[in-house]
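To start, the structure under review is shown below, and the notes come after it.
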Amino acid sequence: MKKKILSIALIGAMMLGIVGCGGSAAPEDAADDETTAPEAAEGDTSALTGTEGVLIWGTNAEFEPYEYMEGNDVIGIDAEIADSIAKKLGLTAQVENMDFDAIIPSVQTGKVDIGLAGMTVDEERLNNVNFTDTYVEAGQAIIVKEDSGIKSAADLNGKKIGVQRGTTGDEYVSDEANGVGAASVERFANGPDATQSLITDKIDAVVIDNEPAKKLVENADGLVKLDENLTSEQYAIAVAKDNEALLDAINGALQEMKDNGELQAILDKYLETE
Ligand code: ARG
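So the mapping is simple: our numbering equals the position in the sequence shown, first residue as 1, plus 3.
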């Protein structure tokens with residue numbers, strides 16, 4: 004319904020010659036593009052998601068700058084991506100906040116339509132869900148106290164390391180094959196809980212994604228992030244295996260956001276450029 008109104012407005016604008024190529028009207032360009040989101044272009048989005056007209060995104064909003072709370076709202080990079088994708092598909096984004104390790108099961112059971120949570124594509128997850136094209140590069144970083152003797156990854160040997168449960172940071176530190184040599188791995192519900200434990204000396208280091216690590220350090224006193232990254236990862240959006248139509252539609256929307264600079268603008272808004 005809303006989509007139709009937007010399309011009519013767009014056609015009107017085109018007739019008046021207001022809309023050029025690319026430019027600010029780009030969010031509606033998908034409607035003209037046969038290769039992207041044909042379902043959305045027809046205005047029939049009922050088959051795409053579990054609830055007609057709504058795109059429910061599952062996340063864990065304790066992951067600034069990707070998703071975090073501001074009052075009762077979930078804001079951040081992923082929140083803006085969710086809104087933009089939903090709009091392109093003629094849907095309204097609705098967030099479902101949960102523990103990180105509940106997101107993939109929720110996608111699988113259809114409790115949410117997508118998992119959008121700074122989530123890294125990895126082989127094990129690919130057994131359970133599909134991932135869209137990737138939208139950002141990331142890596143695991145190390146946070147320590149300012150006065151700690153830990154200067155590099157090698158110094159993690161024999162240390163108590165905090166991670167967010169079920170994340171790639173958890174996997175990396177826990178897998179002995181990676182040779183981190185942690186004395187123990189302490190698993191927390193979220194990054195802020197892990198850094199709190201670091202501040203009170205219950206653990207020696209926190210391993211978490213690079214950009215959230217910067218924010219955690221910024222938001223606390225006496226913590227530093229080491230320069231070295233332990234991994235190189237890519238974030239994408241998780242979609243149920245049986246919903247190829249939604250996967251294709253989102254890939255179309257993401258491509259459009261990459262092509263028209265919208266994605267970069269969202270990233271620039273939240274990420275410090277070095
Ligand atoms: N990139 C990491 C992973 O996929 C951590 C993601 C944590 N996301 C969050 N919203 N808490 O496992």
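Glycine is no exception: its CB is placed at the ideal position from the N, C-alpha and C atoms.
Cα-Cα separation between residue i and residue j, rounded to whole angstroms
i	j	result
V132	D150	42 Å
L119	G61	6 Å
G182	T234	13 Å
G56	E247	18 Å
N263	A96	21 Å
D125	A241	11 Å
Y71	G121	11 Å
D173	D204	19 Å
D104	R128	11 Å
P345	Y69	Within the shown structure, residues of the chain are numbered from 4 to 277, placing residue 345 beyond reach of any answer.
S109	A50	18 Å
Q258	V176	33 Å
L274	I211	16 Å
A85	K217	23 Å
G113	D158	43 Å
I269	A156	31 Å
Proximity to residue i [Cα-Cα], best of the options
i	options	result
D102	V139, G161, R168	R168
N193	E67, E99, G93	E67
T137	A239, L226, R128, A223	A239
N222	E231, P195, L233	P195
A186	D207, G172, A197	D207
I145	I88, L219, G113	L219
A64	D81, S177, G142	D81
F134	E179, G53, N254	N254
Beta-carbon gap between residue i and residue j smaller than 9 Å
i	j	result
V188	L201	no
Q111	A243	yes
L229	I164	no
I59	I117	yes
E236	T123	yes
T171	Q199	no
K148	G225	yes
V227	R190	no
Cβ neighbour criterion (16 or more within 10 Å) applied to residue i
i	result
L250	buried
N130	exposed
G74	exposed
M260	buried
E83	buried
G79	buried
T39	In this prediction, T39 has a pLDDT of 45, which is less than 50 and means its spatial position is unreliable; nothing more can be read from the coordinates.
T52	buried
S2	There is simply no residue 2 to check, as the chain begins at 4 and stops at 277 in what is shown.
A89	buried
E179	exposed
Whole-number beta carbon distance between residue j and residue i, since they are thought to touch under 8 Å
i	j	result
E99	V115	5 Å
A256	L94	Not a contact, Cβ separation roughly 10 Å.
N213	G184	The Cβ separation is near 22 Å, so there is no contact.
Cβ of residue i within 9 Å of any chain D Cβ
i	result
S200	Of the protein chains in this structure there is only one, and it is not chain D.
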